[in-house]
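Numbering-wise (my numbering), the sequence shown opens with residue 409 and increments by one.
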Amino acid sequence: MFKKKNNRNQNKRKLVISTNPKSIVAEQFRTVRANIKFAMKGKEFKTLLFTSASVGEGKSTVAANVAISFAQEGLKVLLIDADLRKPTLHYTFSILISPGFTNFLMSNWKLEDVIRESEIKGLHLITSGPIPSNPSELLGSDLIYDLWKKIKSRYDIVIFDAPPILSVADAQILSEKCDATILVVDSGKTEKKNILKAKEVLEASKANTIGVILNNFILEKDHYYYEYYG
């Protein structure tokens, strides 16, 4: 018989920058943070979107760890699960899925009522909320602009975990509204043609793509890096 894995422990393992801050992978996330700050230098960047070409490339794990890395620097950070089709943030942080993003967009909930504090100092969370039947329409609604005004005045940086750019229109809609976009690519999975297609879609959406993160890159003799990164 196989022992049933503890989901809470699995989730904590994903947040390696918090649970194992001295690891190689944690250092890589700090490098990502430094590169983002360099790209943001001298510019009014507050909203940052993470997407990928397709499903399963590790964008949600990367977004969560980058968000924590900024909070560890003393910044006030908001991480929003904007993947309204396959949300994961509530699993990662072991919290309830509702109330969340869709409650704010559909039900006139106050922003204060859908924001959750995390165990990480300075990091607040908005889960996806109930999965809607019309994600693209919700993300394109006028309420999004109201959200933007409120979160930009309250936080130093806001990170959106969006759906894959080639799967649905949601990420395109959000990328056009965000100050910057980062594409997460699985080095052992994503085909070159899909990377190029994702780049084309982002360009067509007028997204400000500031970088690409190569995920699941195996360093020789460094299984630890492979095991945790993504």
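The C-beta atom is built at its ideal place from N, Cα and C for all residues, glycine as well.
Problem set entry | Start and end residues, beta strand (DSSP E) containing residue 570 | Where residue 570 is concerned, there is no enclosing beta strand (DSSP E), given that its DSSP letter is neither H nor E.
Exercise. Going by other Cβ atoms of all chains shown within 10 Å of its Cβ, with 16 needed for buried, is residue 413 buried or exposed?
Worked result: Low local confidence applies: a pLDDT of 45 at residue 413 is under 50, so the model's placement there is unreliable, and no value is given.
Problem set entry | Inter-stretch contact at 8 Å, needing at least 3 Cβ pairs: the stretch 493-508 / the stretch 547-564 | Touching, no.
For this session: Thinking residue 500 and residue 472 are a contact (beta carbons under 8 Å), I'd like their distance in whole angstroms, please.
Result: Right, the Cβ-Cβ distance comes to about 5 Å (below 8 Å), so this counts as a contact.
Exercise. What are the boundary residues of the alpha helix (DSSP H) that residue 602 is part of?
Worked result: 600-612
Exercise. Hey, residue 476 and residue 568: beta-carbon distance below 7 Å or not?
Worked result: no
For this session: Rounded to whole angstroms, what's the CA-CA distance from residue 652 to residue 497? Just pull it up for me.
Result: Outside the displayed span of the chain (409 to 638) sits residue 652, for which this structure offers no information.
Exercise. Quick one: Cα of residue 422 to Cα of residue 428, how far?
Worked result: 10 Å
Problem set entry | Three-state secondary structure assigned by DSSP to residue 587 | Looking at residue 587 - three-state DSSP - the assignment turns out to be coil, as it is neither helix nor strand.
For this session: Express the C-alpha separation of residue 524 and residue 602 in angstroms, rounding to a whole number.
Result: Their backbone Cα atoms lie some 35 Å apart in a straight line.
Exercise. For residue 476, which of helix, strand or coil comes out of DSSP?
Worked result: DSSP places residue 476 in the helix class (H, G or I) of the three-state scheme.
For this session: Using only alpha-carbon positions, find the residue among 604, 545, 597 and 599 that is nearest to residue 582.
Result: 545
For this session: Can you have a look at residue 479 and say buried or exposed, based on whether 16 or more other CB atoms are within 10 angstroms of its CB?
Result: buried
Exercise. Who are the Cβ neighbours of residue 482 in its own chain at under 8 Å, not counting the five residues just before and after it?
Worked result: 530
Exercise. Whose CA, out of 548, 608, 573 and 562, lies closest to the CA of residue 585?
Worked result: Scanning 548, 608, 573 and 562 for the CA closest to the CA of residue 585 turns up 548.
Exercise. Got a sec? Which residues, its chain only, sit under 6 Å from residue 456 by beta carbon, not counting five neighbours each side?
Worked result: 567 and 588
Exercise. Under three-state DSSP, which class holds residue 578?
Worked result: helix
Exercise. Terminal residues of the continuous alpha helix (DSSP H) containing residue 483?
Worked result: Per DSSP, residue 483 belongs to no alpha helix (DSSP H) and is neither H nor E.
Exercise. Residue 640 to residue 468, Cα distance in whole Å?
Worked result: There is simply no residue 640 to check, as the chain begins at 409 and stops at 638 in what is shown.
For this session: Ignore the nearest five residues each way along the sequence and tell me which others in residue 604's own chain have a CB closer than 6 Å to its CB.
Result: none
Problem set entry | residue 447 versus residue 594: straight-line alpha-carbon distance, rounded | 22 Å
Exercise. Helix, strand or coil: which one does DSSP assign to residue 521?
Worked result: Residue 521 falls in the helix class under three-state DSSP.
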